[in-house]
Structures are given as C-alpha cells and as structure tokens.
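Working notes, beginning with the structure itself.
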Amino acid sequence: MKLTLIALFSLALFSLPALAGGHCAKKEAEIEKQISYAKEHNNSHRVRGLETALAEVRAHCTEAGEIKKQQDSRDELANKIRDKQDDIRELRKELAEDRAELKADIAEAERKGKVDKVAKYQRELAEEEAKTAAKISAKEAEIRALKSELDAR
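As structure tokens, then:
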C-alpha cells in the first residue's frame, strides 16, 4: 500500500512540470514565432522587444500565475455581469416609481377633468417606459456579450 502511494505521489510530482508548461509554453512559442517573423522582415527593434518579452516569460511565467490571471479575469467579468444586472434592477425600480407617480398624476387629472393633462402624463409615461426599455435592452446585450466572453475563457 505504501509503495503504491509513493509511486502515485512520485508520478504526480514528476508530471507537474509538464502541466506547468502549458500556458507558459504557449506564450513562449507565440513570442518565438513573432521573433522569427520580425527577423524575416528585418525589424530589429521588434526583435529586441520580443526577445525581452521572451526573457520575461521565461523568468516569471508560472502555471499557478497563469491560472490566477485567468481566474481573476473570469472574476472581473462575473463582477461586470453582476453590476449590469444590478443596473437593470435599478432601472426597473426607478420605472416602477415613475410609473406610480405618473399614474397618480393621470388619476388626479382625470378626476379634475383635465383632458390635456391626462394626455400629457400618458405621453410622459409611454416615453419613460420606452426609454427604460431601451436602456434595459442595451444592458442585456452587454450582459450577453460579457457572458459569451466569460464562456470563451
């Protein structure tokens, strides 16, 4: 039993460097590809910059760091989605308040027999509902875009 555990632990320990190379190796390969392209086109400034970037990746890139960056990025997107959802709730709340106020104004104008005021308040209500619906639609579109981006990560 102990031998099996030691063997499994050793296997896991020796496979970590292979796993750690995933994101960092991709970054290195992409930069090396860009260096080759820059060399082919005699772009020495670009080559120097890319070689610096490659040295930085080799010196500082770790799998844990890359995973943390990805998680931070996902968390940031999730927070943006929550903020947009909060914005929608606030818009709906404001509309409900405006609607209640305008309906009270309409009722008062009807009670007083002021037809022109009734029409005015009804127009204001329709405009407010249309404006709010447009704002909500825009926020929902932003949420869909953020969710797509989140799913892609």
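With mature numbering (1 follows the signal peptide of the UniProt record, and there is no 0) as the guide, the letters of the sequence shown map in order to residues -20 to -1, 1 to 133.
From the three backbone atoms N, C-alpha and C, an ideal C-beta is built for every residue, glycine too.
Worksheet entry | 8 angstroms contact criterion, which ASP85 and TYR101 should meet: CB distance rounded | 5 angstroms
Item to complete: Can you give me the start and stop residues for the alpha helix (DSSP H) that HIS25 sits inside?
Response: For HIS25, the enclosing alpha helix (DSSP H) stretches over residues 24 to 40.
Worksheet item: If you drop the 5 nearest sequence neighbours on each side, which residues of the same chain put their C-beta closer than 7 angstroms to that of GLU31?
Response: ILE15
Fill in: Contacting residues, own chain, Cβ-Cβ under 8 angstroms from VAL27 (five flanking each side not counted)
Result list for VAL27: ILE15, ALA18, LYS19, in chain order.
Worksheet entry | Whole-angstrom distance between HIS3 and SER24, CA atom to CA atom | 27 angstroms
Discussion item. Mapping the DSSP letters down to three states, classify HIS21 as helix, strand or coil.
Written reply: coil
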